[in-house]
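Report on the following structure.
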Amino acid sequence: QMVPSLDENGHGTFLAGIAAGKMTEDGTFTGAAVDAKIAMVKLKPAKKYLRDFFFVREDAVAYQENDIMTGLAYLRKLAQRLRLPLVVCVGVGSNQGGHTGSTPLSRVMDDMGADIGTILVAAAGNETGRSHHYLGMFSQNQEMEPVEVRVGEGERGFSIEFWAQAPEVYSIALLSPTGESIPRIPARLGRSEVASFIFEKSVVYIDYQIVDPISGSFLIVMRFQDPTPGVWTIQVYNSLLISGRYDMWLPMEGFLSPDTVFLRPDPYTTLCIPATARQVISTSTYNHADGSLYQHSSRGYTRDDRIKPDITAPGVMVYGPGKDNRFVRKTGSSIAAAHVAGAAALL
-7 QMVPSLDENG HGTFLAGIAA GKMTEDGTFT GAAVDAKIAM VKLKPAKKYL RDFFFVREDA
53 VAYQENDIMT GLAYLRKLAQ RLRLPLVVCV GVGSNQGGHT GSTPLSRVMD DMGADIGTIL
113 VAAAGNETGR SHHYLGMFSQ NQEMEPVEVR VGEGERGFSI EFWAQAPEVY SIALLSPTGE
173 SIPRIPARLG RSEVASFIFE KSVVYIDYQI VDPISGSFLI VMRFQDPTPG VWTIQVYNSL
233 LISGRYDMWL PMEGFLSPDT VFLRPDPYTT LCIPATARQV ISTSTYNHAD GSLYQHSSRG
293 YTRDDRIKPD ITAPGVMVYG PGKDNRFVRK TGSSIAAAHV AGAAALL
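Numbering follows this note's numbering, in which position 196 of the sequence shown is assigned residue number 188; successive positions increment by one, without gaps.
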């Protein structure tokens, strides 16, 4: 059935072809599960007010979590009505969330994954080496730990999420590249602060969640508007110490300037959400030409120390169908996820 819609960026076309495309007449390409039926859900772009709130770059492709959840609900009902098994390939991801599989989308996928005959596959991401994750370890006698973030030129804004395990409590102070400081803001339930600077136009919005209502974790969300280029220092303080571990994430690749990074990043726990969900096959990426792991393939564990990703599949310079009836080569964890989805369909 023809629908009045086109794949503008070619991502969905490529993934569908890898997972379930027919063999070409000349035999140069075939998908994995060639006899599978394809049900496609196209996501609409994220609404402008959400893009503005999180300072998502104008050229970034961004979607809403609730739209993905709606698409999953449609696929679930379709499979039930047709009485067919269902394999879902989720080729999108995010750094937003606690990386413990407790976001609303992760929970919906866990619920679906418990259905007999339903398999969900998610791309682990391409975040290793991007310097978007920071791992902090507070010691008993430590007063403060500085976390440095280098902000690139022309950065309109970005957000940072700070996660720790409740009942631990942390608070922060800020030091701008020009030396202006915002004193320590004590953590209080539901506290929100707007930090303005005298000699620069930067504004930082800081929101505390002593106990996040969804995950039960401690959360600080920092949103930097018109940040001055250079090195910002987030001064981290602790007022209730148990394990001393905390994690911070910048937005994933494509959502901010490649020059905006943590100066002392950690390469682990870089897998994207929803690949942290429990009932999802989380797929990392390797190069089928030489057997090496893809340099940017996102790594585990989850923040609650579960082993993820689960499996790795080809995703480097893979040949497949692109836009305008042309074949192209693409790289990334979504392509690895498509391979695993095709294998799951065959099984």
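Quick reminder that beta carbons are idealized off the backbone N, C-alpha and C, glycines included.
(message) Assess contact between the region 72 to 79 and the region 299 to 307, defined as three or more Cβ pairs (one per stretch) separated by less than 8 Å. Is contact present?
(response) no
(message) Please tell me whether Phe375 and Tyr238 are closer than 9 Å, where the distance is taken between their beta carbons.
(response) Absent from the model: residue 375. The displayed extent of the chain is -7 to 339, so no value can be given.
(request) Report the three-state DSSP secondary structure of Ala31 (helix, strand or coil). (result) coil
(message) Please report the straight-line C-alpha distance between Ala25 and Lys69, rounded to a whole angstrom.
(response) 22 Å
(request) Quickly, what does DSSP pair Val53 with across the bridge? List them, please. (result) Paired residues: none, contrary to the question.
(message) Give me, in chain order, the residues of the same chain whose beta-carbon lies closer than 7 Å to that of Thr170; leave out the 5 immediate sequence neighbours on both sides.
(response) Phe191, Glu192 and Thr220
(message) By the DSSP assignment, the beta strand (DSSP E) with Gly149 in it spans what residues?
(response) Gly149 to Ala156
(request) Tell me whether Leu42 sits in a helix, a strand or coil according to DSSP, three-state version. (result) helix
(message) Does Asp342 come out as helix, strand or coil in the three-state DSSP assignment?
(response) Nothing can be reported for residue 342: it is not among the residues displayed for the chain, which extend from -7 to 339.
(request) Check whether the Cβ atoms of Val53 and Asn1 sit closer than 9 Å, and answer yes or no. (result) yes
(request) Let me know the secondary structure DSSP gives Gln88 once reduced to three states. (result) coil
(request) Below 8 Å on the Cβ atoms is my guess for Met240 versus Phe154; work out the distance and round it to an integer in Å. (result) 5 Å
(message) So, for Ile234: in the same chain, excluding its five sequence neighbours on each side, which residues have a beta-carbon less than 8 Å away from its beta-carbon?
(response) Gln157, Pro159 and Glu160
(message) Let me confirm a value: Met32 is counted as buried when at least 16 other C-beta atoms fall within 10 Å, else exposed. Which label applies?
(response) exposed
(request) Could you check what DSSP says for Lys322 in three-state terms: helix, strand or coil? (result) strand
(request) Would you mind stating whether Ile265 and Leu64 have Cβ atoms separated by less than 9 Å? (result) no
(message) Could you compute how far the alpha carbon of Ala352 sits from the alpha carbon of Gly109?
(response) Residue coverage of the chain in this structure runs from -7 to 339, which leaves residue 352 outside it and unanswerable.
(request) Determine the direct distance from the alpha carbon of Ser151 to that of Ser249, and round the result to whole angstroms. (result) 12 Å
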